[in-house]
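Remarks on the structure that follows.
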Amino acid sequence: MARTLLVSPEQRGALPTIRDALEAADDGAVISIAPGEYEEPVHIRRKRVTISAREPGTVTIRSPFRDHPTVSVVDGTVELSGLAVFGDVRPAIQISGGSAQIFDCTATAGYAAAISIGDGADVTLRGNRISDSQCGLIVENADGVVESCELQDIVDDAVIVRLGARAALRHCTVRGAGFRGVYMYQAGGSSIERCDISQTGEAGIAVADQTSPNIVECWVHDTQGVGISVGRGCGGVIEDCRVENAAPPGVLIDEGAHTEVRRGAESKPPVGATATSGNKQDQEKIDELLAELDGMIGLTGVKSEVRGLIDEIQVNEWRRSEGLSVNAVSNHLVFTGAPGTGKTTVARTYGNLLKALGILPNGRFKEVSRRDLVGQYIGHTAEKAASAFDDARGGVLFIDEAYTLSRPSGGGADFGQEAIDTLVKLMEDHRDEVAVIVAGYTSEMGEFLAANPGLASRFAKTLEFENYTPEQLVSISGHLARGDDYLLGDDLDLALLEWFTQVDRDANFGNAREARKLLERMRKSQSTRLRNLGRRPSRDELRTLTLDDLLDAIRE
Numbered sequence: 002m003a004r005t006l007l008v009s010p011e012q013r014g015a016l017p018t019i020r021d022a023l024e025a026a027d028d029g030a031v032i033s034i035a036p037g038e039y040e041e042p043v044h045i046r047r048k049r050v051t052i053s054a055r056e057p058g059t060v061t062i063r064s065p066f067r068d069h070p071t072v073s074v075v076d077g078t079v080e081l082s083g084l085a086v087f088g089d090v091r092p093a094i095q096i097s098g099g100s101a102q103i104f105d106c107t108a109t110a111g112y113a114a115a116i117s118i119g120d121g122a123d124v125t126l127r128g129n130r131i132s133d134s135q136c137g138l139i140v141e142n143a144d145g146v147v148e149s150c151e152l153q154d155i156v157d158d159a160v161i162v163r164l165g166a167r168a169a170l171r172h173c174t175v176r177g178a179g180f181r182g183v184y185m186y187q188a189g190g191s192s193i194e195r196c197d198i199s200q201t202g203e204a205g206i207a208v209a210d211q212t213s214p215n216i217v218e219c220w221v222h223d224t225q226g227v228g229i230s231v232g233r234g235c236g237g238v239i240e241d242c243r244v245e246n247a248a249p250p251g252v253l254i255d256e257g258a259h260t261e262v263r264r265g266a267e268s269k270p271p272v273g274a275t276a277t278s279g280n281k282q283d284q285e286k287i288d289e290l291l292a293e294l295d296g297m298i299g300l301t302g303v304k305s306e307v308r309g310l311i312d313e314i315q316v317n318e319w320r321r322s323e324g325l326s327v328n329a330v331s332n333h334l335v336f337t338g339a340p341g342t343g344k345t346t347v348a349r350t351y352g353n354l355l356k357a358l359g360i361l362p363n364g365r366f367k368e369v370s371r372r373d374l375v376g377q378y379i380g381h382t383a384e385k386a387a388s389a390f391d392d393a394r395g396g397v398l399f400i401d402e403a404y405t406l407s408r409p410s411g412g413g414a415d416f417g418q419e420a421i422d423t424l425v426k427l428m429e430d431h432r433d434e435v436a437v438i439v440a441g442y443t444s445e446m447g448e449f450l451a452a453n454p455g456l457a458s459r460f461a462k463t464l465e466f467e468n469y470t471p472e473q474l475v476s477i478s479g480h481l482a483r484g485d486d487y488l489l490g491d492d493l494d495l496a497l498l499e500w501f502t503q504v505d506r507d508a509n510f511g512n513a514r515e516a517r518k519l520l521e522r523m524r525k526s527q528s529t530r531l532r533n534l535g536r537r538p539s540r541d542e543l544r545t546l547t548l549d550d551l552l553d554a555i556r557e
């Protein structure tokens, strides 16, 4: 069984840096990274290792050295997942030789390629988002499979396949490139299948220098250059592609090229990274996530509602695969209830379920609040709201305390309503790309949903998260303690039950948060008690929280 190493600068017993974990890693080890920002280069040479975010989308890696790749792999066998990697004048991720799998990551490099693959490497990319870079992806003298990836806001070419490289691009979205969307030259047998390519400064797809790709069922549109251009001496096939709103003649094949253009039915197959038709469902992952949901303490009604939603989605996908009609279903939800009732945790699980069902390409989770959506001047709010929505593309946008958007902040102009109006339009225009979940107190969320005439209709369902019972809060306390390597001492369960039964539970009661805060005070009390023993405590004493610790904690 592969050894798992945890990286966390704050957690006791974990390794503080990714570099420390790599040095300690055996062949085949799994490195799980706790949420946070890690300013360090990650260099992997001739190792077989998996590096993943413990919670997808919560780990950011930056190199403090501008002229070094942030993540570099040399002749290794590596899997990267759930990471946000930022480069500068060198690539964010650079693979040289060996093999790599890169899943559900984001990559940005201001003055370089976001991801560079070369030196005979064999790489699979799936569900990644590449943006705001000089170039997006370069595959040179290497093999690559690129599936369900998004590339946008690229200064030069979004994808370059060159110099003997063989690459298959499937169901990718390229939106916004200063030059070409996909540029192939001197490349081996490559293909571009069901990709959505738009808003390029030159050709959407450009083929040159003896390259013969298969370009199948792609949609190339809104390009300043021609949709597809093929140079002299090139071959391959262009089959059932749509070219719209491009410079004439749309498809340009130079004299001396021997490319075959095939046109079949006028059907419009789904294209791009968020296309749902034909997506594969990961039944094993679905079952695992549903078991994880069932294992949560309490939330009986919420669990039942989520299972019902997942059942409907799964059956609809089965119907779609058989060619049967399927009604449009919204994936947007409203979560209501008091703080600390598991809303964020359930939202993460729901996003991962949608990914496993093939509805959304990744499990990216973007949590925002009012300050992330509302600007300070006219036009700023729409920009911030659209940016947050775009960051969540392919996953979940979770808006906590969403009702604050519909409340004036006081003291001048308030742009909360503008944020709501912007979100309403984005939720409709991109309902197959992002699941929006808004959360907050029950009564206040009613006011929020009334803030725009079309807002309530965008959401499929409202899930009510009830307060935990005292018994459930005791169970949560025990679970939290075990997670931090503590045990509850004799009779402490009964004492905790009495405390949670008599504590004032007003509208601001934090439920599980209150349990966590109480445990933190108990650990502090335990530390004081053990320091006063006059000797080194035993291992059991270090792990055990006692009734005295509780009594001291509740006196604070």
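In our numbering, the protein residues as written are 2 to 557.
The beta carbon of each residue, even a glycine, is placed where N, CA and C say it ideally should be.
Proximal residues to P538 (C-beta, below 6 angstroms), its chain only, five neighbours per side dropped: If you number the sequence shown from 1, residue 538 lands on position 537. If we look at P538 and ignore the five residues flanking it on each side, its Cβ neighbours are L531.
Contact the stretch 198-218 vs the stretch 231-238: 3+ CB pairs below 8 angstroms: yes
Sequence-distant residues of its chain with Cβ nearer than 8 angstroms to K462 (five each side left out): The count along the sequence shown starts at 1 and reaches residue 462 at position 461. The answer, listed in chain order, is E306, L310, L334 and V335.
CA nearest to the CA of T346, picked from F466, A258, L450 and A108: As a first step, residue 346 must be located in the sequence shown, where it is residue number 345. Closest option to T346, Cα to Cα, is F466.
Three-way DSSP call (helix, strand, coil) for T277 in this model: Your numbering for residue 277 matches position 276 in the sequence shown. Any answer about T277 is weak, because its pLDDT of 46 lies below 50 and its placement is not dependable; what the coordinates show is given next. If DSSP states are grouped into helix, strand and coil, T277 belongs with coil.
Separation of L358 from D283, as counted between CA atoms: On the sequence shown, residue 283 is found 282 positions in, with the first residue counted as 1. On the sequence shown, residue 358 is found 357 positions in, with the first residue counted as 1. Those two C-alpha atoms are separated by around 6 angstroms.
Y39 versus A54, L398 and E472, residue with shortest Cα-Cα distance: As a first step, residue 39 is located in the sequence shown; it is residue number 38 there, counting from the start. Taking only the C-alpha atoms, the option nearest Y39 is A54.
Where T18 sits in the DSSP three-state scheme: Locating residue 18 in the sequence shown gives position 17, where the first residue counts as 1. It is coil, neither helix nor strand.
Counted within 10 angstroms of its Cβ, other Cβ atoms place S278 as buried (16 or more) or exposed: Along the sequence shown, read from residue 1 onward, the residue named residue 278 stands at position 277. Residue placement at S278 cannot be trusted, given a pLDDT of 43 that sits under 50; what the coordinates show is reported in the next sentence. Exposed, by the Cβ-count rule.
Q153: first and last residue of the uninterrupted beta strand (DSSP E) it sits in: Within the sequence shown, numbered from 1, the residue matching residue 153 stands at position 152. Residues E151 to I155.
Chain-order list of residues whose beta-carbon lies under 6 angstroms from that of I139 (same chain, five-residue window excluded): If you number the sequence shown from 1, residue 139 lands on position 138. Correct list, in chain order: A114, S117 and I161.
Three-pair Cβ contact test at 8 angstroms for the stretch 464-480 versus the stretch 362-371: no
Supposed contact pair D401 and K385 - C-beta distance, whole angstroms, cut 8 angstroms: The sequence position of residue 385 within the sequence shown is 384, counting from 1. The sequence position of residue 401 within the sequence shown is 400, counting from 1. Not confirmed; about 16 angstroms, so no contact.
Contact check, L1 vs R517, beta carbons under 9 angstroms: The requested residue 1 does not occur in the structure, where the chain is confined to residues 2 to 557.
Cβ contact (3+ pairs, closer than 8 angstroms) linking the stretch 88-105 and the stretch 60-78: yes
Beta carbon of G111 nearer than 9 angstroms to that of D133: Start at 1 with the first residue of the sequence shown, and residue 111 comes out as number 110. Start at 1 with the first residue of the sequence shown, and residue 133 comes out as number 132. Yes, these two residues count as a Cβ contact at 9 angstroms.
Three-way DSSP call (helix, strand, coil) for E323 in this model: Within the sequence shown, numbered from 1, the residue matching residue 323 stands at position 322. Residue state, collapsed to three classes: coil.
Buried versus exposed, by CB contacts within 10 Å (16 or more), Y469: If you number the sequence shown from 1, residue 469 lands on position 468. When all chains shown are included, Y469 counts as buried.
6 angstroms CB neighbourhood of E218 in its chain, flanking five on each side removed: Within the sequence shown, the letter at position 217 stands for residue 218. Excluding sequence neighbours, E218 sits near R195, D241 and P270.
8 angstroms contact criterion, which G352 and A436 should meet: CB distance rounded: Stepping through the sequence shown from its first residue, residue 352 is reached at position 351. Stepping through the sequence shown from its first residue, residue 436 is reached at position 435. The Cβ separation is near 6 angstroms, so the contact holds.
Every unbroken beta strand (DSSP E) within the stretch 140-200, with a cutoff of 3 residues, ordered by chain: 144-148, 151-155, 160-163, 167-171, 174-178, 183-186 and 192-194
DSSP three-state assignment for Y39, whether helix, strand or coil: The residue labelled residue 39 in the question sits at position 38 within the sequence shown. Y39: strand per DSSP, three-state reduction.
Cβ pair A90, R63 closer than 9 angstroms: By 1-based counting over the sequence shown, the position of residue 90 is 89. By 1-based counting over the sequence shown, the position of residue 63 is 62. Looking at the sequence itself, residue 90 is Val, so the reference to Ala does not match. No, they are not a contact pair.
Per-residue burial, Q527 [other beta carbons within 10 Å of its own, 16 or more giving buried]: Stepping through the sequence shown from its first residue, residue 527 is reached at position 526. Q527 should be labelled buried.
Length-filtered (3 minimum) beta strand (DSSP E) runs lying within the stretch 326-397: 334-338 and 366-369
Cβ-Cβ distance between P57 and N512 below 9 angstroms: For the purposes of this step, residue 57 is taken as the residue at position 56 of the sequence shown. For the purposes of this step, residue 512 is taken as the residue at position 511 of the sequence shown. No, Cβ-Cβ distance for P57 and N512 is not below 9 angstroms.
CA nearest to the CA of A420, picked from G338, T443, F104 and A383: For the purposes of this step, residue 420 is identified with residue 419 of the sequence shown, where counting begins at 1. Checking every option, the nearest Cα to that of A420 belongs to A383.
G441 versus F460 - alpha carbon distance: Against the sequence shown, residue 441 aligns to sequence position 440. Against the sequence shown, residue 460 aligns to sequence position 459. Between G441 and F460, the C-alpha separation is close to 15 angstroms.
Minimum C-alpha distance to D248 - residue among H259, V146, R264 and G228: On the sequence shown, position 247 is the one that residue 248 refers to. For clarity, residue 248 is Ala in the given sequence; the question names Asp instead. Comparing Cα positions, the closest option is G228.
L300: first and last residue of the uninterrupted alpha helix (DSSP H) it sits in: Residue numbering aside, residue 300 sits at position 299 when the sequence shown is read from its first letter. Neither: L300 is in no alpha helix (DSSP H) and is coded neither H nor E.
Coil, strand or helix - V435 by DSSP: Position 434 of the sequence shown, counted from the start, is the residue given in the question as residue 435. DSSP places V435 in coil when its eight states are reduced to three.
DSSP three-state assignment for L488, whether helix, strand or coil: Here residue 488 refers to the residue found at position 487 when the sequence shown is read from its first residue. Looking at L488 - three-state DSSP - the assignment turns out to be strand.
Same chain, Cβ closer than 7 angstroms to A122, neighbours up to 5 away in sequence not counted: Sequence index remark: in the sequence shown, residue 122 carries index 121 (1-based). Same-chain partners within the cutoff: I96, S97, G98, G99, S100, A101 and A143.
Rounded separation between S326 and Q315 - CA only: Locating residue 326 in the sequence shown gives position 325, counting from the first residue. Locating residue 315 in the sequence shown gives position 314, counting from the first residue. Straight-line Cα distance between these residues: approximately 14 angstroms.
Those residues which DSSP pairs with R308 across a bridge: For the purposes of this step, residue 308 is taken as the residue at position 307 of the sequence shown. Note: R308 sits in no beta bridge, so no partner.
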